[in-house]
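Asks:
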Amino acid sequence: MQNRIPTKVYECLALKRPMLIQKNLAWEQYLGTFPFRSAFFIDYDDPEAARQIYPHLRNQRFYHRAGQIEGIHWEEEEDKLIGLFEKLMKV
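All residue numbers for the sequence shown refer to numbering that gives the first Met the number 0, where the first residue is 0 and numbers rise by one.
Here it is, written out as structure tokens:
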């Protein structure tokens, strides 16, 4: 489960909504592939972490120069999924 990315992350990316996410190396690496800031990562078990990050939230520019985000919309994934279903139906 550690390396899986929650659907909510893709939804926030598509809607260009800032995210406050539990620290997770796989998620940080994935979101780090985009050329813009989309999230802050904190340890949910550390209340002080939330207090420390709060001042930065107001001044941070999220999705700066994001434009169209590739690889997260249905139109880009549709052919892959349909192809998979067609392949499975032939088996």
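Every residue gets a Cβ at the ideal spot worked out from N, C-alpha and C, and that includes glycine.
What residues in its chain sit with their C-beta under 6 Å from that of Pro17, if we drop five residues either side in the sequence?
Replies: Phe61
Asks: Cα separation between Lys7 and Ala13?
Replies: Rounded to the nearest angstrom, the two C-alpha atoms are 10 Å apart.
Asks: Exposed or buried, what is Ala38 when buried is set at 16 or more other beta-carbons lying within 10 Å of its beta-carbon?
Replies: buried
Asks: In the DSSP assignment, find the unbroken alpha helix (DSSP H) run with Ile52 in it and report its ends.
Replies: 46 to 58
Asks: Going by C-alpha to C-alpha distance, which of Glu77, Gln21, Leu30 sits closest to Pro46?
Replies: Selected option, being the one with the closest Cα: Gln21.
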